[in-house]
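What follows is a set of notes on a single structure, which appears directly below.
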Amino acid sequence: MSLTAENLTLGYAGAPVIEGLDLSLPEGRMTAILGPNGCGKSTLLKTLARLIAPQGGRVLLDGTDIHARDTRALAREMAILPQAPQAPEGITVGDLVKRGRTPWRGLLSPWRAEDAQACEAALAAVGMAELADRRLDELSGGQRQRAWIALVLAQDTKLLLLDEPTTFLDLVHQVEVLGLLRRRNREAGLTVISVLHDLNLAARYSDLLVLLGRDGPVAHGAPAEVLTPENLKTAFGLAARVDPDPVTGGPMVIPL
Ligand SMILES: Nc1ncnc2c1ncn2[C@@H]1O[C@H](COP(=O)(O)OP(=O)(O)O)[C@@H](O)[C@H]1O
Ligand SMILES: [Mg+2]
């Protein structure tokens, strides 16, 4: 599914966080949203997922305004993992992941084999199958984060919005999660939009980058077009060199 922002102005009560943003996030691509703390990455993601209403402009999902959509239909089309998701105290990993099936089930409908299958597959995909009976609040930060990712995978949508899905993970698990998303992207056409902090991992695992700065959007496009010394200076105030990544040939940012 494609997402388009048309002249989007977003924020909370008061001055807008971002004004007049035009973005096209095509179907079947992996896009990373990058930028310094407080520049509006989470606000943008929440606006794209209809968790907050834009102050101006529109968000289109496959060409139609997301605000025209029925809530359950939208939840079958896109899943969002917020930056600091909250779970009920004492919930187990398995019960958390089951919540991902809510949009697919009626209020009184029984738990079906396909629901169980989706949850098992999601837990297996993040390497958490053995931990299904454990309490979420007794896990490490990295395990908890993978449980949340399993929840959105169990929701079985064509579009995933993830706010800093790798932030609490060690490098091995960061690469595992990004690799898993890329496999789903390549094999099943999953469209993935994530807020990431590591510029070099973002370049490696994304088809497109959206770079925001303190004073508004700086650039979007292919990683090599976006990650230039000039754009990094504008967005982060960072003096950096950009060399070819010796493994992928893509851009590799080296702070000076
Ligand atoms: N719930 C909220 N109510 C009011 N202002 C908020 C809220 N959440 C974030 N902000 C403000 O909006 C701006 C952008 O925040 P955010 O989108 O969270 O940035 P980022 O995710 O890039 O770090 C910041 O100035 C922040 O203080
Ligand atoms: Mg944020």
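Residue numbering for the sequence shown follows my numbering, starting at 7 and increasing by one per position. Note that the Cβ used here is the ideal one computed from N, Cα and C, for glycine as well.
| Asked | Found |
| --- | --- |
| Own chain, CB closer than 6 angstroms to L202, minus 5 neighbours either side, in chain order | A38 and A208 |
| Where R152 falls, given that 16 or more other Cβ within 10 Å makes a residue buried | buried |
| Where the beta strand (DSSP E) containing E12 begins and where it ends | L9 to L16 |
| C45 versus G63 - alpha carbon distance | 19 angstroms |
| Close beta carbons around L262, own chain, < 7 angstroms, minus the five adjacent residues each side | A245, A246 and R247 |
| Option nearest V23 by Cα separation, candidates P60, P171, M258 and G34 | P60 |
| Whether G106 touches R141 by CB criterion (8 angstroms) | no |
| Helix, strand or coil at T172 [DSSP, three-state] | coil |
| Start and end residues, beta strand (DSSP E) containing G185 | First-last for G185: L177 to A194, but that is the alpha helix (DSSP H), not the beta strand (DSSP E). |
| Other residues of its chain near P109: CB distance less than 8 angstroms, five sequence neighbours each side excluded | R78, A81, R82 and Q161 |
| Host alpha helix (DSSP H) of T234 (start-end) | Neither: T234 is in no alpha helix (DSSP H) and is coded neither H nor E. |
| Span separating the alpha-carbon of V99 from that of A138 | 5 angstroms |
| Status (buried if at least 16 other CB within 10 Å, exposed otherwise) for D121 | buried |
| Residue environment, I260, which counts as buried when at least 16 other CB atoms sit within 10 Å | exposed |
| For A127, three-class secondary structure by DSSP | helix |
| Residue environment, D169, which counts as buried when at least 16 other CB atoms sit within 10 Å | buried |
| Around ligand 1, Cβ to any heavy atom closer than 6 angstroms, ordered along the chain | Y18, V23, G41, N43, G44, C45, G46, K47, S48 and T49 |
| Where the beta strand (DSSP E) containing L102 begins and where it ends | L102 -> not in any beta strand (DSSP E); alpha helix (DSSP H) instead, spanning V99 to K104. |
| Outcome for Y18 when other beta-carbon atoms lying within 10 angstroms are tallied against a minimum of 16 | exposed |
| Any non-hydrogen atom of ligand 2 closer than 7 angstroms to V216 Cβ | no |
| Opening and closing residue of the alpha helix (DSSP H) in which R152 lies | G147 to A160 |
| Outcome for H73 when other beta-carbon atoms lying within 10 angstroms are tallied against a minimum of 16 | exposed |
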